[in-house]
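Encoded as structure tokens, the structure appears first; notes follow it.
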Ligand code: ATP
Ligand code: MG
Ligand code: MG
């Protein structure tokens with residue numbers, strides 16, 4: 024199938040089909056930890072896991088990797104489900120939680136203890152680190168390593184029963200303190216932690232570690248290909264050790280791919296949480312956030328995000344993707360679907376002196392020239408209109424083709440107007456209105472005499488305009504590659520409160536998307552109310568991708 028994008032994971036799967044590994048099945052999972060909202064990096068993993076399953080007639084589970092109760096919350100569980108669905112993926116009846124397996128995980132730990140493959144260790148966290156050794160130096164065995172299976176069993180049961188304080192003991196896999204792979208040096212697989220879990224409450228005071236819980240959860244669900252990011256490559260031997268040393272119902276295989284990094288963007292949930300907590304943003308769904316909920320509120324479509332994920336592909340080495348590609352994808356999508364409207368963001372009043380007082384005309388504007396079937400909308404015109412302040416210069420520089428004293432411009436869909444005079448605020452000297460004349464022979468925006476008018480402005484009729492607030496966004500960080508001490512962009516949000524939009528927008532609902540002619544793509548914000556419209560700029564019109 025030529026429509027199937029080939030990547031190295033698909034090649035592994037093709038090979039597995041040939042050899043009959045995993046019984047010719049593909050069963051993947053997307054395993055978020057509910058400790059934050061999903062971001063665009065997660066979208067890559069979601070598209071990959073659900074996409075690979077779908078293309079290979081397989082299935083994909085949604086599994087909450089909830090083994091770290093202190094950071095997890097049902098708010099995140101709910102938002103994650105909403106975001107995966109919104110992106111267009113469906114786990115059907117396959118919603119799982121690692122916490123569903125706590126009892127089984129505990130029983131498997133008992134199996135390891137009985138087989139002499141796990142032991143209870145009383146070293147402190149610091150001592151464990153000190154004993155672990157380095158890349159060039161082997162580790163030192165714990166003095167508790169040779170406890171008998173009976174003693175370990177007794178201690179582990181008492182750990183569960185709550186007899187020991189937090190951090191006083193751990194259960195460790197007994198593997199190899201001399202392994203060149205530090206993850207194999209008797210890794211901790213259970214810890215004592217008194218923390219209320221969002222699902223199991225205070226039922227447990229011991230919690231399994233990720234490296235132990237993950238392979239078992241995969242095996243219990245019959246996962247065939249356990250796809251994760253590159254940082255886990257060094258953990259694969261431990262993943263395999265767990266699978267090989269327990270009697271599990273399946274033998275999943277871990278495959279690592281390069282995570283998505285985007286310039287001007289932080290993607291660590293810890294850092295995103297910090298932005299929320301210190302009010303650098305209004306919340307996880309602030310339109311400047313790289314979260315799925317932020318992108319949704321900003322005006323991104325699920326299609327544009329899926330398309331972006333297809334285009335960046337799947338590789339085995341890390342790189343940084345230009346955020347301009349993401350912006351290109353939403354522009355491309357909205358160009359085809361967003362209705363065109365006129366909105367004046369920074370209004371300047373224009374009085375058309377020779378236009379009859381009280382007269383109103385209606386012009387027809389195409390809804391989307393890329394999509395003529397969408398038809399037209401009616402745009403009222405009258406004696407007083409608003410144009411963009413920026414579309415007028417009293418002393419036009421060379422090459423400025425918009426309005427200036429004595430010069431003519433075209434009002435989109437309407438008439439040619441000429442600027443006759445300028446009115447200033449006597450106190451501030453600021454230009455507050457223009458007086459113009461119109462040429463009745465140019466109705467529709469063209470003239471029979473063929474005279475040249477280079478500039479075309481958008482406008483709204485003052486008597487018909489609807490007031491709106493418009494929020495313009497820029498990168499949250501000034502740094503191209505924001506690190507630990509990245510600088511917030513002080514202009515990442517600019518709020519314009521006196522915008523005037525055409526009356527066809529009067530009844531818009533949150534989430535609706537438009538192209539404001541000459542300005543960019545905009546989306547109705549969640550804060551928008553009838554009579555108090557609020558728009559977010561999703562992205563400007565100018566495309567910098569590939570430039
Ligand atoms: P963080 O480090 O920000 O906490 P995480 O990887 O711990 O992120 P999880 O909730 O565990 O977050 O992620 C769920 C899945 O999404 C994992 O399989 C993870 O590999 C994948 N994932 C997370 N971030 C990215 C990314 N930037 N690109 C691709 N996949 C990602
Ligand atoms: Mg994490
Ligand atoms: Mg994780």
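Residue numbers (UniProt numbering): 24 to 570. Even glycine gets a Cβ: it sits at the ideal position worked out from N, Cα and C.
Along the length of the segment 251-309, whole beta strand (DSSP E) runs at least 3 residues long occupy 276-280, reported in chain order. By the Cβ-count criterion, residue 562 is buried, with 16 or more other Cβ atoms from all chains shown falling within 10 Å of its own Cβ.
For residue 251, the shortest separation between its Cβ and any heavy atom of ligand 1 lies below 7 Å. The continuous stretches of beta strand (DSSP E) do not include residue 347, which lies in the alpha helix (DSSP H) extending over residues 346-360.
The nearest non-hydrogen atom of ligand 1 is less than 7 Å from the C-beta of residue 64. Beyond the five residues adjoining it in sequence on each side, residue 492 comes within less than 6 Å, by CB distance, of 520, 557 in the same chain, given in chain order. By alpha-carbon distance to residue 502, the top candidate from 224, 347, 47, 289 is 289.
By the CB criterion at 8 Å, residue 285 and residue 36 fall outside the cutoff. DSSP lists 522, 556 as the beta-bridge partner residues of residue 491. Burial state of residue 301 is exposed, judged by a 10 Å Cβ sphere holding fewer than 16 other Cβ atoms.
Take the alpha-carbon of residue 157 and the one of residue 264: they are about 21 Å apart. Cβ-Cβ distances below 8 Å link residue 392 to 363 in the same chain, with the five nearest sequence neighbours on each side left out; the list follows chain order.
With respect to residue 197, residue 178 sits apart: the two C-beta atoms are not nearer than 8 Å. The closest CA to that of residue 509, considering only 71, 476, 499, is found on 499. Counted as a single uninterrupted DSSP element, the stretch harbouring residue 332 is not any beta strand (DSSP E) but the alpha helix (DSSP H) occupying residues 325-335. Not one heavy atom of ligand 1 sits closer than 7 Å to the Cβ of residue 312. For the segment 393-450, the continuous beta strand (DSSP E) assignments of 3+ residues that do not extend past its boundaries occur at 399-404, 407-411, 431-434, 439-447, in sequence order.
Here the distance from the Cβ of residue 123 to the nearest heavy atom of ligand 1 is not below 7 Å. Residue 73: not part of any beta strand (DSSP E); member of the alpha helix (DSSP H) spanning 63-78, first to last residue.
Annotation: residue 141 is outside any alpha helix (DSSP H); the continuous beta strand (DSSP E) that includes it extends over 141-144. A Cβ-Cβ separation of about 27 Å leaves residue 102 out of contact with residue 347 under the 8 Å criterion. Contact between residue 237 and residue 134 does not hold, since the beta-carbon distance rounds to 17 Å and is not under 8 Å.
With a threshold of 7 Å, the Cβ atom of residue 339 does not count as near ligand 1, since no heavy atom of the ligand is closer than that. At a threshold of 7 Å, residue 282 counts as near ligand 1, since its beta carbon sits closer than that to one of the ligand's heavy atoms.
Put simply, of 93, 86, 172 the residue whose alpha carbon is nearest the alpha carbon of residue 250 is 86. Per DSSP, the unbroken alpha helix (DSSP H) holding residue 102 starts and ends at 97-109. Within the DSSP bridge table, the entry for residue 543 names 539 as partners.
Residue 511 sits close to residue 303, with the two beta carbons spaced by under 8 Å. Assignment of beta-bridge partners to residue 462 by DSSP yields 439. One Cα belongs to residue 428, the other to residue 411, and the distance between them is close to 16 Å.
Residue 372 sits in a strand when the DSSP states are folded into three classes. Residue 33 is positioned such that its CB atom lies closer than 8 Å to that of residue 75. In the structure shown, residue 201 adopts coil according to DSSP, grouped into three states. With 16 or more other CB atoms across the displayed protein chains lying within 10 angstroms of its CB, residue 548 is buried.
Our two residues, residue 275 and residue 350, have alpha carbons roughly 37 Å apart in a direct line. Segment contact: the segment 437-457 against the segment 355-370, fewer than three CB-CB distances shorter than 8 Å; contact not assigned.
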